[in-house]
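Written out below as structure tokens is the structure these notes cover.
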Ligand code: SF4
Ligand code: SF4
């Protein structure tokens with residue numbers, strides 16, 4: 002979501018949250034930035050808070066990042082309006098609406114934006130970029146990404162220029178450690194498998210994860226066996242099996258009725274599905290069709 006649109010909100014904002022939950026497996030970018038650039042994270046958040054006239058700010062960080070939390074608490078002493086907030090380690094705490102519920106106990110309605118409950122959420126790298134732009138006049142031309150997984154030879158966090166190809170990032174980490182790993186751009190829960198490695202790293206690319214074909218679970222999916230596991234894990238209490246059945250039969254209104262719009266695209270349903278059904282891809286498709294219908 003473009004930052005300049007967030008900051009131009011007409012809603013009355015009282016709280017700004019920096020999302021340091023980073024709950025996707027393998028991705029450690031925000032953890033490292035909160036440890037190594039904590040002052041910049043606070044400074045960027047403070048700028049956003051002042052621009053919006055918000056009284057307070059929080060940097061939300063899961064308790065499985067003790068070094069980052071310790072550093073944030075040290076730096077917080079110099080920023081009286083901002084606190085470091087520890088969160089349980091639970092997927093998908095990094096989802097915006099869950100984060101707001103966890104930090105402030107406020108519920109963002111379906112299809113509404115966080116501004117409707119007086120909150121703006123920014124990512125760790127976004128507030129760092131804002132601090133760089135304001136304090137140093139630096140434009141955003143690079144970002145930090147994690148290159149990790151059992152399929153890469155030397156996992157690393159890299160600061161690389163935007164536009165760097167996936168293949169160059171992999172080569173910089175000494176290449177693949179297994180034959181033909183599955184290459185996921187983004188985290189393993191919500192990212193997309195790619196086969197064209199010339200695609201560039203963009204502003205929203207958090208990582209490149211290389212998994213063995215066994216870890217990835219193969220590219221063939223099987224029929225739904227109605228085990229109900231996807232329903233059990235859904236943090237929004239949705240029936241992903243039913244929603245995707247509707248989507249795949251072009252029954253978008255029925256899919257919306259079953260909760261398509263409430264899905265936060267966390268990927269938990271797909272992760273647990275024993276039939277390896279690409280539920281996230283189907284839900285994404287359903288959301289796109291639903292949005293196109295609303296625009297007509
Ligand atoms: S991706 Fe799946 S588990 Fe996550 S909110 Fe959507 S339907 Fe539920
Ligand atoms: S987890 Fe997979 S197999 Fe089980 S009900 Fe959901 S879609 Fe069907």
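Numbering (my numbering), first residue to last: 2 to 297.
Glycine included, C-beta positions come from ideal geometry on N, C-alpha and C.
A Cβ-Cβ separation of about 6 Å places residue 281 in contact with residue 266 under the 8 Å criterion.
Residue state for residue 284 is assigned as helix, using DSSP reduced to three classes. For residue 237, the distance from the CB to the nearest heavy atom of ligand 1 is below 6 Å. Distances taken from the Cβ of residue 230 to the heavy atoms of ligand 2 include one shorter than 6 Å.
Secondary-structure assignment with DSSP links residue 84 through a beta bridge to 59. Put simply, the segment 89-103 does not touch the segment 67-79. Fewer than three CB pairs are less than 8 Å apart. Checking the 6 Å criterion, the Cβ of residue 53 is out of range of every heavy atom belonging to ligand 1. Proximity to residue 145 across 203, 26, 235 and 153 peaks at 203, based on C-alpha coordinates.
Looking at the DSSP output, residue 193 shares a beta bridge with 186. Put simply, the segment 31-45 does not touch the segment 168-178. Fewer than three CB pairs are less than 8 Å apart. Residue environment for residue 97: buried (at least 16 other C-beta atoms within 10 angstroms of its C-beta).
In this structure, DSSP gives residue 230 a helical state, which the three-state scheme calls helix.
The C-alpha of residue 261 is placed about 14 Å away from the C-alpha of residue 110.
Cβ-Cβ distances below 6 Å link residue 287 to 248, 256 and 261 in the same chain, with the five nearest sequence neighbours on each side left out; the list follows chain order.
The criterion of a C-beta distance shorter than 7 Å is not satisfied by residue 101 and residue 14. Judged by DSSP in its simplified three-state form, residue 67 adopts helix. In this model, residue 245 and residue 275 are separated by some 16 Å (Cα to Cα).
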